[in-house]
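2 protein chains.
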Amino acid sequence: MPKSYEFPLTFVAMNEEKGFDPTHNPWKTVSSQPVYENPWIRVREDKIINPSGNPGIYGVVSFKNLALGIIPLDADNNTWLVGQYRYSLNEWSWEIPMGGGPMGRDVLESAQRELKEETGYTAARWTNIMRIHTSNSVTDEVGYVFLAEELTPGDVEPEETEQLVVKKLPLAEAIAWVMEERITDSISIAGLLKVARLKGL
Amino acid sequence: MPKSYEFPLTFVAMNEEKGFDPTHNPWKTVSSQPVYENPWIRVREDKIINPSGNPGIYGVVSFKNLALGIIPLDADNNTWLVGQYRYSLNEWSWEIPMGGGPMGRDVLESAQRELKEETGYTAARWTNIMRIHTSNSVTDEVGYVFLAEELTPGDVEPEETEQLVVKKLPLAEAIAWVMEERITDSISIAGLLKVARLKGL
Numbered sequence: 001m002p003k004s005y006e007f008p009l010t011f012v013a014m015n016e017e018k019g020f021d022p023t024h025n026p027w028k029t030v031s032s033q034p035v036y037e038n039p040w041i042r043v044r045e046d047k048i049i050n051p052s053g054n055p056g057i058y059g060v061v062s063f064k065n066l067a068l069g070i071i072p073l074d075a076d077n078n079t080w081l082v083g084q085y086r087y088s089l090n091e092w093s094w095e096i097p098m099g100g101g102p103m104g105r106d107v108l109e110s111a112q113r114e115l116k117e118e119t120g121y122t123a124a125r126w127t128n129i130m131r132i133h134t135s136n137s138v139t140d141e142v143g144y145v146f147l148a149e150e151l152t153p154g155d156v157e158p159e160e161t162e163q164l165v166v167k168k169l170p171l172a173e174a175i176a177w178v179m180e181e182r183i184t185d186s187i188s189i190a191g192l193l194k195v196a197r198l199k200g201l
Numbered sequence: 202m203p204k205s206y207e208f209p210l211t212f213v214a215m216n217e218e219k220g221f222d223p224t225h226n227p228w229k230t231v232s233s234q235p236v237y238e239n240p241w242i243r244v245r246e247d248k249i250i251n252p253s254g255n256p257g258i259y260g261v262v263s264f265k266n267l268a269l270g271i272i273p274l275d276a277d278n279n280t281w282l283v284g285q286y287r288y289s290l291n292e293w294s295w296e297i298p299m300g301g302g303p304m305g306r307d308v309l310e311s312a313q314r315e316l317k318e319e320t321g322y323t324a325a326r327w328t329n330i331m332r333i334h335t336s337n338s339v340t341d342e343v344g345y346v347f348l349a350e351e352l353t354p355g356d357v358e359p360e361e362t363e364q365l366v367v368k369k370l371p372l373a374e375a376i377a378w379v380m381e382e383r384i385t386d387s388i389s390i391a392g393l394l395k396v397a398r399l400k401g402l
C-alpha cells in the first residue's frame, strides 16, 4: 500500500473536496480464478467491477520473485553489463546484472548473491536506489535496483540455465548505450539513468 | 530481431573467436501449449531445451498491445502526470500519460489518441525517444515513449474503465518525483529520466 506521504498535500486537499481518496481501491473483486502456475508466475482471472461501476474481467500475472538489478561501480567508474538471449523476446539483451529474489528472503542478500553469481564481484558498499514496477497494467512484478561499490573480484557462479556474456565498460559508455537504445530492458534503463543523475555523470 | 549494429565490433570479434554468435537463439522450443487468453494477453507454456542443453519449461506472457507512454512538454517546461489506482498492484500509481497501442496500427497515431484521451492535448511535434521491454524474463511486452511538444489544449476523452487524476507540474518536479521514488512505473521512470538528459535538465 502506498504511504500517505507519497501524495503531495495540495493534491490530497484538492481531491478531498471532491470526496476522492487516493488510498482507496476503487476496483471491486467479485471472484478470482487461478488459470496457470509454474515455478515463477501465477496467472489468475478476476471478475471485477471497474471504477466506473461496470462489470468486467482482469487477468493478473503474479510473480513469485522480486526482480533485482545491480549496478556495480568500481573506483574508476567502470560498470559491468550482462548480455544474454532472452527467450520471451526472441532477441539479445544487454542488461545490468539481474536476477530473481525469493519473496521473504532478505532483498540485499539476494542482490549480493546475484552480483557474485554473474560477475564474481562482492561489494563492501550497497545502496538501494530504486523501487520499480515493470508492467503494472497486467503484472504485480516489483523490482529493486542496488548500486554496489567498493568491489572485490572473485570467481563467477553462473546458474545452470544461463548463457551469459559479461562485459566491463565505463559507466559513461553504458549510459550512452541507454541513450542509443542499445539497452532496452526497463530496469537497466531506469537504474542506469538514475545512477547517472545521482553521480552527476 | 536485433540489428547487427547493436553489437560493438570489438564484442563481435572477441566472441566470434569462441564460436559465439549473439544473433543466434540458443534456446530450442520443443512444443508450445496455450494456457490462457483474454482481450489483452495470451499465456503459453513451452517445453524448451535451455542454452546449456537441458530440458525445461518456459511460461511466456504475450501482450496483444504495445505500451505507449507520452511525455507532453509545454513551452514553459511543464508536463502532465496521470494518477490512478492500479488493480494489479493494489496501489496508487503516478505515471506519464500511457495506454495500449494495437499491433499493426500506426504507433504514432495511437500515442496521439492516448494523449488526447487522457489530457485533452494535441501536439504539433512528436519525437519517439525510447524502445523499452518492461519485463523480459516472462513477457514480450514492448513499449515506446514519445516526447510531445508544441501543445494545444482540448477536451479530454477518458476510457470508460479509467478513473484518472491528471496533474500539470514542472518537468523538473516530475523528475524530482522519480528521484524520490514517488513514481515507480518503469516506463515513466525511464522516459522522464531520458527526457531530463535530452533536455539537459
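From first to last, the protein sequence lines are chains V and A. Note that my numbering gives residue 41 to position 41 of the first sequence, counting from 1, and the numbers run on in steps of one. Note that my numbering gives residue 215 to position 14 of the second sequence, counting from 1, and the numbers run on in steps of one. The beta-carbon is built from N, C-alpha and C at its ideal position, and this holds for glycine as well.
Discussion item. Between which residues of its own chain and Y175 (chain A) is the CB-CB distance below 8 Å, once the five residues before and five after are set aside?
Written reply: Outside the shown range of chain A, which is 202 to 402, sits residue 175 (chain A), and nothing can be said about it.
Practice prompt. Can you tell me which of the three DSSP states Y369 (chain A) falls into?
Written response: Against the second sequence, residue 369 (chain A) aligns to sequence position 168. The sequence shown places Lys at residue 369 (chain A), not Tyr. Three-state DSSP puts K369 (chain A) in a strand.
Practice prompt. With a threshold of 16 other CB atoms inside 10 Å of the CB of A375 (chain A), please say whether the residue is buried or exposed.
Written response: Against the second sequence, residue 375 (chain A) aligns to sequence position 174. Under this definition A375 (chain A) is a buried residue.
Worksheet item: Can you give the beta carbon distance from I272 (chain A) to A391 (chain A), rounded, assuming they're within the 8 Å contact cut?
Response: Residue mapping note: residue 272 (chain A) aligns to position 71 of the second sequence, counting from 1. Residue mapping note: residue 391 (chain A) aligns to position 190 of the second sequence, counting from 1. In fact, because the Cβ distance is near 11 Å, the residues do not count as touching under 8 Å.
Worksheet item: From V:A123, V:P34, V:I132, V:W27, pick the residue whose C-alpha is nearest to that of G154 (chain V); which is it?
Response: For the purposes of this step, residue 154 (chain V) is taken as residue 154 along the first sequence, with counting starting at 1. Out of V:A123, V:P34, V:I132, V:W27, V:A123 has the C-alpha closest to the C-alpha of G154 (chain V).
Discussion item. Quick check: what's the CA-CA separation for K168 (chain V) versus E118 (chain V)?
Written reply: Translated into positions along the first sequence, residue 168 (chain V) becomes position 168. Translated into positions along the first sequence, residue 118 (chain V) becomes position 118. Inter-residue distance for K168 (chain V) and E118 (chain V) is about 12 Å (C-alpha atoms, whole angstroms).
Practice prompt. Determine the extent of the beta strand (DSSP E) in which T134 (chain V) is found, giving its start and end residues.
Written response: Here residue 134 (chain V) refers to the residue found at position 134 when the first sequence is read from its first residue. In the DSSP assignment, T134 (chain V) falls outside any beta strand (DSSP E) and carries neither an H nor an E.
Worksheet item: Can you list, in chain order, the stretches of the beta strand (DSSP E) that have 3 or more residues and sit fully within the stretch 63-96 of chain V?
Response: Fully enclosed beta strand (DSSP E) runs of 3 or longer: 65-73, 78-86, 91-95.
Worksheet entry | chain A contact for A124 (chain V) (CB, 8 Å cutoff) | Along the first sequence, read from residue 1 onward, the residue named residue 124 (chain V) stands at position 124. For A124 (chain V), the answer is no, since every Cβ of chain A falls outside 8 Å of its Cβ.
Worksheet item: Which bits of chain V does A373 (chain A) rub up against, with CB to CB less than 7 Å?
Response: Taking the first residue of the second sequence as 1, we reach residue 373 (chain A) at position 172. Below the 7 Å Cβ cutoff, chain V contributes no neighbours of A373 (chain A), its closest Cβ being approximately 12 Å away.
Fill in: Cβ of K215 (chain V) within 8 Å of any chain A Cβ
Residue 215 (chain V) falls outside the range modelled here, since chain V spans only 1 to 201, and no answer is possible.
Item to complete: Using beta-carbon positions only, say whether G344 (chain A) and I384 (chain A) come within less than 8 Å of one another.
Response: Mapped onto the second sequence, residue 344 (chain A) falls at position 143. Mapped onto the second sequence, residue 384 (chain A) falls at position 183. Cβ atoms of G344 (chain A) and I384 (chain A): not closer than 8 Å.
Worksheet item: At a Cβ threshold of 8 Å, is V231 (chain A) touching chain C?
Response: Checking the listed chains, one finds no chain C in this structure; the protein chains it contains are V and A.
Worksheet item: What are the residues that DSSP puts in a beta bridge with P252 (chain A)?
Response: On the second sequence, position 51 is the one that residue 252 (chain A) refers to. None, per the DSSP bridge assignment.
Worksheet item: With 16 as the cutoff for other CB atoms within 10 Å, does P268 (chain A) come out buried or exposed?
Response: Along the second sequence, read from residue 1 onward, the residue named residue 268 (chain A) stands at position 67. Per the sequence presented here, residue 268 (chain A) reads as Ala, with Pro not at that position. Buried, since its Cβ has 16 or more Cβ neighbours within 10 Å.
Worksheet item: Beta-carbon of M130 (chain V) versus every beta-carbon of chain A: anything under 8 Å?
Response: Here the question's residue 130 (chain V) lines up with position 130 in the first sequence. Cβ-Cβ to chain A under 8 Å: yes for M130 (chain V).
Worksheet item: Which value, in whole angstroms, describes the spacing of the CA atoms of T328 (chain A) and V145 (chain V)?
Response: Counted from its first residue, the second sequence places residue 328 (chain A) at position 127. Counted from its first residue, the first sequence places residue 145 (chain V) at position 145. Approximately 28 Å between the Cα atoms of the pair.
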